[in-house]
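First comes the structure, then the notes that go with it.
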């Protein structure tokens with residue numbers, strides 16, 4: 632476990648609007664933590680990391696440096712970091728899941744069909760259908 636945002640605090644609607652307006656104007660800002668919402672990042676070794684974003688909560692036993700087991704629950708899906716959370720609306724609840732290999736998003740710059748094939752290969756190879 633390399634990241635667990637237990638201390639996450641939601642953006643206000645004005646914060647959300649400010650950051651999206653700034654990025655639309657082309658101003659470079661780093662607000663990944665805010666827009667990704669409450670997150671858990673897991674280091675699987677060999678350069679492979681996964682991230683679970685927009686969680687509504689992270690289980691208290693999930694802490695940086697702790698090991699997690701396959702199938703262990705780490706949190707609850709939500710809409711943290713999104714406009715709906717800033718407006719206090721419970722719409723758009725989902726899990727944003729990413730796989731990173733050697734510091735790069737898996738499938739970066741590839742067409743969706745090729746990314747799908749990569750993911751199918753990755754999960755079948757690791758016993759997940």
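Numbering (my numbering), first residue to last: 632 to 760.
No residue lacks a Cβ here, since even glycine has one placed at the ideal position from N, Cα and C.
What does the alpha-carbon distance come out to for the pair residue i and residue j?
i, j, result
"residue 644", "residue 703", "33 Å"
"residue 717", "residue 641", "7 Å"
"residue 736", "residue 666", "17 Å"
"residue 707", "residue 719", "17 Å"
Locate the beta strand (DSSP E) running through residue i, then write down its first and last residues.
i, result
"residue 729", "727-732"
"residue 686", "679-689"
"residue 706", "706-708"
Should residue i go down as buried or exposed, given a rule of 16 or more other Cβ atoms within 10 Å for buried?
i, result
"residue 693", "buried"
"residue 744", "exposed"
"residue 670", "buried"
Taking Cβ positions only, does residue i come closer than 8 Å to chain B?
i, result
"residue 747", "Chain labels in this structure do not include chain B; a single protein chain is all it has."
According to DSSP, is residue i part of a helix, a strand, or is it coil?
i, result
"residue 667", "helix"
"residue 703", "coil"
Which residue marks the beginning of the alpha helix (DSSP H) containing residue i, and which one marks its end?
i, result
"residue 737", "It is not in any alpha helix (DSSP H) - residue 737 carries neither H nor E in the DSSP assignment."
- Are the stretch 728-743 and the stretch 686-694 touching by the rule of at least three beta carbon pairs closer than 8 Å? no
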